[in-house]
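Here the structure comes first, spelled out in structure tokens, and everything after it is commentary.
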Amino acid sequence: MRNYFAALVLLAIAFTACEDKPHEPLPILGRANIVGNDTMPHHIMDFRLLDQDSSWITNEDLDPYIYLADFFFTSCPTMCPKVKKQMMRIDEKFAGDDRIRFLCHSIDYIRDSVPRLRQYRDNLELDDRWHLVEVSEDFLDSLTANYLSVAYADESAPGGFDHTGNILLVDRSRHIRAFALGTDPEDVDQLIIDIQSLLDEEFPQAE
Amino acid sequence: MKNFLKLSSILILATACYNPPPEGQRLYDFHCAACHGQQGEGLKSLYPALAGTDYLAENWDQLSCIIVNGIDGPILVNGREYNQKMYGVEGLSESDIANIINYISRNIMETPRAFVSPGVVSESLKSCNPERD
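Chains as they are written, first to last, in the working numbering: chain A, 1 to 207; chain B, 1 to 133.
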């Protein structure tokens, strides 16, 4: 009798362990600002950046979408091709999904002009969900820090610039919700799961 | 004595399980694969493939120079134009370059080419980089 009871308890535990539980929402990353009695979560600062089609891209343009952001430059011979491959893997995974955008910030304010960004976009055969944008020298530090990243000119670095290779996931309220090391495919596997979670949160299906 | 035998067995087992990649593969992965791909497949119209391309077949003898000096300007690969600057790889020895070339030859080319020694690399570099030490 005692054995039957123990078996029943174990079965009950096993069943409840398999029960679908709602996913925990992704956290909001970055240091929160405390203003008076209010805690303001970290959010992406206002920006207005020129993309490969000579269109100005602002926060408002991206507000209807969740987006993936990274920092790169077109002549980068080391990390950027690896990160771009992973960004393109995400693009393929969510092919045609109009709820997602890609915002790639060029940190090479010396060489990466609009025509050069356009050529890069064309060479990678990227669709119009992608915005490759120029970032001016005086805006670079504050913008990269705001995205919890680092980028700077460094003569000793291959291509003349050094930077972090993170891919950041931003929600429709301008909060960074997840990130992955863009050179690590396994880390990006987890980011793909996080993107789906954020899509489910931001665009709930009508029951 | 017993402890010595135990320690030796553990050491043998540990080293038997460690199988580092060949030097050529390590160097290729570090210096080349980011752009040209792990299997030499390239990336769209940005970085040309190495596998199955007429350009590499026709410029095989120039490969040492290409690795060291890079390429600046448009090139035609299998009928498609590529114009992304390739930077030369700094700090490679003749032996490193030979390892990379032999790795590409055996693992990426459809038909492996003749083995390249560091001496062959050194000779080849004289044509494009005469001041190299």
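Even for Gly, the Cβ is constructed at its ideal location relative to N, Cα and C.
Check: Which residues does DSSP pair with A/Phe71 in a beta bridge?
Finding: A/His105
Notebook entry, point to check: Going along chain A in order, which residues have a C-beta closer than 9 angstroms to the C-beta of B/Cys32?
Noted result: The contacting residues do not exist; B/Cys32 stays about 10 angstroms from chain A at best.
Note to self: Looking at the strands, I want to know which residues DSSP matches up with A/Ile34.
What the structure shows: A/Thr39
Next item on the list: Taking B/Leu43 as the query, report the chain A residues whose CB atoms sit under 8 angstroms from its CB, ordered along the chain.
Entry: Within 8 angstroms Cβ-Cβ: Pro81, Lys84, Lys85, Leu124.
Margin query: Which residue marks the beginning of the beta strand (DSSP E) containing A/Asp162, and which one marks its end?
Written below: Its beta strand (DSSP E) spans residues 161-163.
Checklist line | For A/Arg101, the nearest candidate out of A/Asn123, A/Thr39, A/Val188, A/Asn59 (CA to CA) | finding: A/Asn59
Item checked: Opening and closing residue of the beta strand (DSSP E) in which B/Leu92 lies -> That residue, B/Leu92, is in no beta strand (DSSP E); it is neither H nor E in DSSP.
Next item on the list: Just tell me which of A/Ala69, A/Leu50, A/Gln52 has its CA closest to the CA of A/Ala180.
Entry: A/Ala69
Notebook entry, point to check: Which same chain residues, not among the five before or five after A/Leu132, have their C-beta less than 7 angstroms away from its C-beta?
Noted result: Asp51, Gln52, Cys104, Ser106, Leu117, Tyr120, Arg121
Checklist line | Classification of A/Phe161 by the beta-carbon crowding that lies within 10 angstroms, buried from 16 upward | finding: Buried: at least 16 other Cβ atoms inside 10 Å.
Margin query: Can you give me the C-alpha to C-alpha distance between A/Lys84 and A/Cys76, rounded to a whole angstrom?
Written below: 11 angstroms
Margin query: By the 9 angstroms beta-carbon criterion, what residues does the stretch 142-153 of chain A contribute toward chain C?
Written below: Looking for chain C here will not work: the only protein chains present are A and B.
Notebook entry, point to check: Is the stretch 48-58 of chain B close to the stretch 67-77 of chain B, with three or more CB pairs under 8 angstroms?
Noted result: yes
Notebook entry, point to check: Rounded to a whole number of angstroms, what is the C-alpha to C-alpha distance between B/Met86 and B/Asn59?
Noted result: 15 angstroms
Next item on the list: Over the uninterrupted beta strand (DSSP E) stretch that includes A/Phe179, give me the two end residues.
Entry: 176-181 is the span of the beta strand (DSSP E), which, as asked, contains A/Phe179.
Margin query: On the DSSP bridge list, what partners appear for A/Asp51?
Written below: A/Val133
Item checked: Sheet register partners of B/Met109 (DSSP bridge) -> Its beta-bridge partners do not exist; DSSP assigns none.
Notebook entry, point to check: Whose C-beta lies closer than 8 angstroms to the C-beta of B/Asp61 among residues of the same chain, with five residues either side of it excluded?
Noted result: Ser124
Notebook entry, point to check: In its own chain, which residues sit with a C-beta less than 6 angstroms from the C-beta of A/Pro158, not counting the 5 before and 5 after it?
Noted result: Pro77, Thr78
Note to self: For A/Arg129, count the other beta carbons within 10 Å of its own beta carbon; 16 or more makes it buried, fewer makes it exposed. Which is it?
What the structure shows: A/Arg129 is buried by the Cβ-count criterion.
Next item on the list: Specify the secondary structure class of B/Arg80 as computed by DSSP and reduced to three states.
Entry: The answer is strand: DSSP assigns B/Arg80 an E or B state.
Next item on the list: Closer than 8 angstroms by C-beta to B/Asn129: which residues in its own chain qualify, once you throw out the five before and the five after it? Chain order, please.
Entry: So the qualifying residues of the chain are Cys65, Val68, Asn69.
Notebook entry, point to check: For the alpha helix (DSSP H) that A/Ile192 lies in, which residues bound it at each end?
Noted result: Per DSSP, A/Ile192 belongs to the alpha helix (DSSP H) from 185-202.
Notebook entry, point to check: By how many angstroms is the C-alpha of A/Ile44 removed from the C-alpha of A/Pro64?
Noted result: Going by the C-alpha atoms only, they are around 15 angstroms apart.
Next item on the list: Could you work out which residue in A/Ile192, A/Ser156, A/Leu191, A/Leu168 is closest to B/Glu90 when comparing CA atoms only?
Entry: A/Ser156
Margin query: Rounded to whole angstroms, what is the Cα-Cα separation between B/Glu81 and A/Ile110?
Written below: 25 angstroms
Check: In the DSSP assignment, what are the bridge partners of A/Ala151?
Finding: A/His163
Margin query: Below 9 angstroms on C-beta distance, what does A/Ser75 contact in chain B?
Written below: Gln84, Lys85, Tyr87
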